[in-house]
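Peer 1: The working numbering applies: residue 16 is where the sequence shown begins, and numbers increase by one. Please find one structure pasted underneath; my questions will follow.
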Amino acid sequence: MPPILARQNMPQLLRRAALTLAAGLMVAGILVLGASVRKELQALATTGSDNIEWALSQAEVEAIALSQEALTASHAPDVPLDLVRLRFDLLYSRVKVLEEGPLFAGLRTDPEVAKGLARVETFLMNTAPLVDGPEAQLRPLLTRLSSQAETARHDLRDIALQGIAHFAEISDVRREKVAATLRRVAALTVALVALLGITVMALMRLNLLNHRVAESERQTRSRLQAILTTALDGILVTDRNGVLRGCNTAAERMFGYPRDSLLELSLSDLVMPDALPGGLAPLSGQGLVQCQARHSDGAAFPIEMSVSAAEGPDSPIHVAFVRNISNRVAAEKALRRAHDIAVAGDQAKADLLAVMSHEMRTPLNGLLGTLDLLRREELNDRMKRYAAIMERSGQLLLRHVEDVLGIAQAEAGQLTVLPEPLDLNALIAELVEAQAGQAEQHGNQLIAGAPEAALAQAWGDPLRLRQMLLNLIGNALKFTENGTVTVEAEALDGLSLVELRVIDTGIGITEVNRARIFEDFVTLDASYRRSNGGTGLGLGITRRMVQAMAGEIGVESEPGEGSLFWIRLPLAPPVDGAKEPDCDVPRGLRVLLVEDDQINRFVARDMLESDGHVVTEATDGAKGVAEAECARFDLILMDVSMPQMDGVRATREIRAGGGPSAQSPILGLTAHAQPAEVERFRNAGMTEVLHKPVTQAVLRRMIARALKASGSDTFQSGQVAAWQARSTPLLASRIRAELRAAVGEHKFAQLNDAFIQDAVRFFSAPPDDLALQAHRLAGVAAVLGAQALNVQLQALESAAGNPEEVADALRAARECWLQTLSQVTDGDTESR
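What follows is the structure, given as structure tokens:
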């Protein structure tokens with residue numbers, strides 16, 4: 016039966032099964048109840064045959080007979096006592112029937128009956144030896160025997176009366192049970208008859224339904240035939256051997272055979288044999304399968320096929336639904352070609368941006384870096400004005416470059432955010448101070464709002480925040496003349512939501528322009544703004560940066576009333592956020608500067624040397640690797656783009672070479688701002704990456720970050736201590752003089768001697784609790800003005816947990832102590 020018809024007949028089959036089960040249960044019930052009736056009738060019959068009443072009363076009769084016979088024998092001494100013994104034996108047997116007969120088991124459970132039987136039993140047991148003994152012994156006791164038999168008669172009479180009542184009650188119960196059973200049998204019989212009637216009616220209805228199902232099947236077959244005939248997909252029916260047993264019109268058109276010719280073929284004649292090594296059976300239920308088919312003219316074409324199994328008249332069959340996918344395959348190939356072209360275009364754009372980033376940032380680095388150095392020189396007012404103009408022009412060009420690259424990064428999904436601890440109040444103050452000159456050009460006043468204490472603990476990307484605020488401030492200054500621009504920040508919900516506002520008193524923005532102000536390349540046409548034209552990218556990139564930082568941006572403005580641009584950002588630090596390293600970089604670091612550009616090398620060297628570092632130069636990557644293999648440097652500044660050997664390869668060779676500087680932090684200098692490139696530099700071994708152009712403040716911060724990120728505690732304990740020790744007097748005369756005046760000359764001498772003894776003992780044989788003793792001795796050194804030794808002992812305390820560092824720290828502290836000791840013994844002079 017087809018599955019559809021089987022599902023249609025399922026309710027009928029269930030009804031038939033239910034009726035059959037009900038009839039069976041009723042017949043079984045009748046049989047069970049009939050057996051119960053038969054059992055009860057047998058019980059009633061057994062009860063009558065035993066003649067319960069006679070048995071109960073006969074025991075009393077025998078007791079009376081025994082009493083009379085014993086009384087009679089007591090008055091006739093010459094009469095034998097055989098009749099007394101007979102009566103006793105009869106009474107004994109009657110009582111035993113009551114005590115042991117199964118018919119009286121229920122009666123014996125009555126407490127009163129049990130007590131009476133016990134008394135009679137006692138009488139019989141006590142009398143039996145006398146009755147069975149000699150007559151001479153029994154005859155004097157006949158009168159007492161008669162009296163005891165009379166007493167037993169009363170007990171037996173009570174037992175008989177209770178027994179009659181008991182068995183009468185049992186008989187009533189049994190009769191009621193028989194009657195109830197008969198009623199149930201009658202009810203089941205009636206129900207069975209009714210069920211049989213219902214069954215007859217159901218069979219009649221099923222017969223009618225069968226006629227309807229047969230008609231429905233005929234209509235279904237007709238519809239299926241129409242569907243198969245008009246289906247766009249080809250349908251092939253094969254037996255287990257792959258021989259075609261049926262097909263539809265679409266299959267005839269698809270393979271180019273008439274129906275009769277098609278049914279003479281096997282599946283291997285239509286589908287490439289290598290696609291179906293095991294026939295259709297392994298593909299059954301596996302979903303869509305793509306393979307190659309063969310047309311009648313021999314041409315191959317791609318098909319998509321789905322196979323299912325079914326039961327045939329004699330053996331299983333397989334039904335294959337086949338679709339010609341030649342057009343789709345051609346479209347997919349065209350789509351892949353278009354995708355490859357698009358990917359190649361994106362890669363070309365990325366390469367162009369990387370080249371443009373490098374080619375524009377490199378000269379900007381030289382320009383802005385030189386101007387940064389020039390500001391520290393003694394310049395007259397005219398030169399200062401020229402330098403300021405050059406710097407503003409360079410910064411403007413840099414902002415245009417940043418805007419273009421930012422748009423490209425955002426469109427590519429590469430706009431990265433690098434949050435870190437920051438003081439938002441200080442950042443705003445810095446921007447206001449830096450942009451004050453630009454504000455004055457149009458007679459404007461640039462003001463920072465009142466700082467909030469909470470904003471000093473913000474967490475965000477300072478580079479992105481600075482760029483966003485610069486865009487908003489620059490935009491406000493363009494459209495404001497002789498007015499005020501205010502930059503504010505407010506914690507709306509703690510640091511979880513901070514609002515930045517740039518408010519100007521400029522020309523304002525119409526409602527139409529407000530709707531498109533944050534789009535790319537949008538510039539508004541106003542009466543006096545063309546003197547400060549722009550690319551129209553500033554607000555577009557700002558919008559993207561705000562979105563990348565999970566924030567919102569908006570504007571409120573009316574023409575002639577000014578504008579208020581606001582940004583709302585979450586700037587709360589993470590619970591376990593790491594702290595930014597202190598930007599106070601120690602002086603005197605040995606720095607290897609690897610840079611091919613002479614201008615950039617000059618600028619970087621001047622910045623480093625002005626901070627007290629010792630700089631070694633290398634003009635390309637190969638020379639930088641050679642320098643790193645010959646000496647140990649505290650830091651390596653590595654340019655990325657260089658001839659012969661670039662910075663990426665040089666970094667890898669330094670890391671892999673195992674030389675003295677293999678583990679030194681490497682700070683990459685690059686004009687490549689793309690995040691993918693930066694990640695590649697880090698993977699090559701660079702500790703941090705610094706984007707050009709570089710200012711001295713940024714360089715200091717990145718050096719501190721690189722030293723921290725290198726994971727070298729030696730920098731924190733050894734190098735910092737060494738620099739601080741070189742920068743700190745061995746003995747602070749002022750501290751020692753104040754201590755001497757406070758405690759007196761004698762006491763001061765005692766303290767000084769005790770300090771010398773403790774220090775000699777400490778450095779002669781370092782104790783096991785090195786950190787604790789170093790901490791204690793450092794405190795004494797600070798009190799007595801031994802400042803350099805105090806610094807070295809603190810470094811030793813910090814290094815005590817690291818066996819690799821403790822030896823160097825102890826050696827440095829001992830050398831410092833020897834120098835301090837010579838000063839202490841020679842006199843209190845301040846020396847470096």
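Even glycine gets a Cβ: it sits at the ideal position worked out from N, Cα and C.
(1) Return yes when the Cβ of residue 676 is within less than 8 Å of the Cβ of residue 648, no when it is not.
(2) From what residue to what residue does the beta strand (DSSP E) around residue 246 run?
(3) For residue 799, which of helix, strand or coil comes out of DSSP?
(4) Quick one: is residue 735 buried, meaning 16 or more other Cβ sit within 10 Å of its Cβ, or exposed?
(5) Between the C-alpha atoms of residue 83 and residue 148, what's the straight-line distance to the nearest angstrom?
(6) Going straight from the alpha carbon of residue 838 to that of residue 721, what length do you get?
(7) If you reduce the DSSP assignment to three classes, tell me which class residue 436 lands in.
(8) Would you check if the segment 474-486 and the segment 430-447 touch, i.e. whether three or more CB-CB distances between them fall below 8 Å?
(9) Rounded to whole angstroms, how far is the Cβ of residue 458 from the Cβ of residue 497, which I believe are closer than 8 Å?
(10) Could you give the distance in angstroms between the alpha-carbon of residue 156 and the alpha-carbon of residue 130?
(11) What does the Cβ neighbour count give for residue 96, buried or exposed, with the cut at 16 atoms within 10 Å?
(12) Just reading off the beta strand (DSSP E) that residue 152 is part of, what are its end residues?
(13) On the DSSP bridge list, what partners appear for residue 499?
(14) Which class does residue 817 belong to by DSSP, given the choice of helix, strand or coil?
(15) Have a look at 396, 191, 36 and flag the residue whose alpha-carbon is nearest the alpha-carbon of residue 214.
(16) Could you check how far apart the C-beta atoms of residue 332 and residue 254 are, in whole angstroms? I think they sit under 8 Å.
(17) When every heavy atom of the ligand NAD is checked, does at least one fall within less than 7 Å of the C-beta of residue 826?
(18) Going by beta carbon distance, what residues of the same chain come within less than 6 Å of residue 138, once the five residues before and after it are set aside?
(19) Please identify the residue among 804, 73, 520 whose C-alpha is closest to the C-alpha of residue 775.
(20) Work out the CA separation of residue 471 and residue 698 for me, nearest whole Å.
(21) Could you pull out every unbroken alpha helix (DSSP H) segment of at least 4 residues lying fully inside the segment 181-241, listed in chain order?
(22) Between which two residues does the alpha helix (DSSP H) carrying residue 655 extend?
(23) Residue 791 to residue 770, Cα distance in whole Å?
(24) With a cut-off of 8 Å, do at least 3 Cβ pairs link the segment 403-410 to the segment 635-648?
(25) Whole angstroms is fine: what's the gap from residue 488's alpha carbon to residue 500's?
(26) Does the segment 708-720 come close enough to the segment 381-388 that 3 or more CB-CB pairs lie under 8 Å?
(27) Taking C-beta to C-beta, are residue 672 and residue 636 nearer than 8 Å?
(28) Just list the residues that DSSP pairs residue 583 with in beta bridges.
(29) Please state the DSSP three-state secondary structure of residue 96.
(30) Kindly indicate the opening and closing residues of the beta strand (DSSP E) around residue 280.
(31) Please state whether DSSP places residue 613 in a helix, a strand or coil.
(32) To the nearest angstrom, how far is it from the Cα of residue 491 to the Cα of residue 521?
(33) Determine the contact status of residue 574 and residue 509, defining contact as a CB-CB distance below 8 Å.
(34) How would you call residue 758, buried or exposed, if buried means at least 16 neighbouring beta carbons within 10 angstroms?
(35) Please return the same chain residues whose Cβ sits closer than 6 Å to the Cβ of residue 19, not counting the five positions on each side in sequence.
(36) CA-CA distance, residue 853 and residue 809?
Peer 2: Answer, in terms of the structure:
(1) As a position in the sequence shown, residue 648 is number 633, starting the count at 1. As a position in the sequence shown, residue 676 is number 661, starting the count at 1. Yes, the pair counts as a contact, with Cβ atoms nearer than the cut-off.
(2) Position 231 of the sequence shown, counted from the first residue, corresponds to residue 246. Here residue 246 belongs to no beta strand (DSSP E), and DSSP marks it neither H nor E.
(3) Taking the first residue of the sequence shown as position 1, residue 799 is located at position 784. Three-state DSSP puts residue 799 in coil, outside helix and strand.
(4) Walking along the sequence shown from the start, residue 735 turns up at place 720. Annotation note: pLDDT 43 at residue 735 (below 50); position unreliable, coordinate value reported separately. Buried is the call here.
(5) Mapped onto the sequence shown, residue 83 falls at position 68. Mapped onto the sequence shown, residue 148 falls at position 133. So the alpha carbons of these two residues sit roughly 20 Å apart.
(6) On the sequence shown, position 823 is the one that residue 838 refers to. On the sequence shown, position 706 is the one that residue 721 refers to. About 37 Å.
(7) Working through the sequence shown from its first residue, we reach residue 436 at position 421. Three-state DSSP puts residue 436 in a strand.
(8) yes
(9) Within the sequence shown, the letter at position 443 stands for residue 458. Within the sequence shown, the letter at position 482 stands for residue 497. Correct: roughly 4 Å between the Cβ atoms.
(10) Counting from one through the sequence shown, the residue named residue 156 turns up at place 141. Counting from one through the sequence shown, the residue named residue 130 turns up at place 115. Roughly 26 Å separates the two Cα atoms.
(11) Along the sequence shown, read from residue 1 onward, the residue named residue 96 stands at position 81. Per the 10 Å Cβ criterion, buried.
(12) On the sequence shown, position 137 is the one that residue 152 refers to. No beta strand (DSSP E) holds residue 152; the alpha helix (DSSP H) holding it covers 150-153.
(13) Residue numbering aside, residue 499 sits at position 484 when the sequence shown is read from its first letter. Paired residue(s): 460.
(14) On the sequence shown, position 802 is the one that residue 817 refers to. In the structure shown, residue 817 sits in coil (DSSP, three-state: anything other than H, G, I, E or B).
(15) Here residue 214 is taken as the residue at index 199 of the sequence shown, counted from 1. Nearest option by C-alpha distance: 36.
(16) Looking up residue 332 in the sequence shown gives position 317. Looking up residue 254 in the sequence shown gives position 239. Right, their Cβ atoms sit about 6 Å apart.
(17) As for the ligand NAD, it is missing from this structure, which has no ligand bound.
(18) Counting from 1 along the sequence shown, the entry for residue 138 is found at position 123. The answer, listed in chain order, is 163, 167.
(19) Residue 775 sits at position 760 when you count from the first residue of the sequence shown. Nearest option by C-alpha distance: 804.
(20) The residue you call residue 698 lines up with position 683 of the sequence shown. The residue you call residue 471 lines up with position 456 of the sequence shown. Using only the alpha carbons, I get a separation of about 33 Å.
(21) none
(22) Taking the first residue of the sequence shown as position 1, residue 655 is located at position 640. Here residue 655 belongs to no alpha helix (DSSP H), and DSSP marks it neither H nor E.
(23) Counted from its first residue, the sequence shown places residue 791 at position 776. Counted from its first residue, the sequence shown places residue 770 at position 755. The alpha-carbon atoms of residue 791 and residue 770 are separated by roughly 11 Å.
(24) no
(25) Stepping through the sequence shown from its first residue, residue 488 is reached at position 473. Stepping through the sequence shown from its first residue, residue 500 is reached at position 485. C-alpha separation (whole angstroms): 8 Å.
(26) yes
(27) Taking the first residue of the sequence shown as 1, we reach residue 672 at position 657. Taking the first residue of the sequence shown as 1, we reach residue 636 at position 621. The answer is no: Cβ separation not under 8 Å.
(28) Stepping through the sequence shown from its first residue, residue 583 is reached at position 568. Partner(s): 514, 567.
(29) Locating residue 96 in the sequence shown gives position 81, where the first residue counts as 1. Note: residue 96 maps to coil in three-state DSSP.
(30) The residue given as residue 280 occupies position 265 in the sequence shown. Premise fails: residue 280 is in no beta strand (DSSP E) and is neither H nor E.
(31) Taking the first residue of the sequence shown as 1, we reach residue 613 at position 598. The answer is helix: DSSP assigns residue 613 an H, G or I state.
(32) Indexing the sequence shown from 1 puts residue 491 at position 476. Indexing the sequence shown from 1 puts residue 521 at position 506. Approximately 7 Å, taken between the alpha carbons.
(33) Start at 1 with the first residue of the sequence shown, and residue 574 comes out as number 559. Start at 1 with the first residue of the sequence shown, and residue 509 comes out as number 494. Cβ distance not < 8 Å, so residue 574 and residue 509 don't count as in contact.
(34) Position 743 of the sequence shown holds residue 758. By the 10 Å Cβ count, residue 758 comes out exposed.
(35) Residue 19 sits at position 4 when you count from the first residue of the sequence shown. Only weak support is given to the placement of residue 19: the predicted model assigns it a pLDDT of 42, under 50, and the question is left unresolved by the model.
(36) The shown model of the chain, from 16 to 847, leaves out residue 853, and the question about it has no answer.
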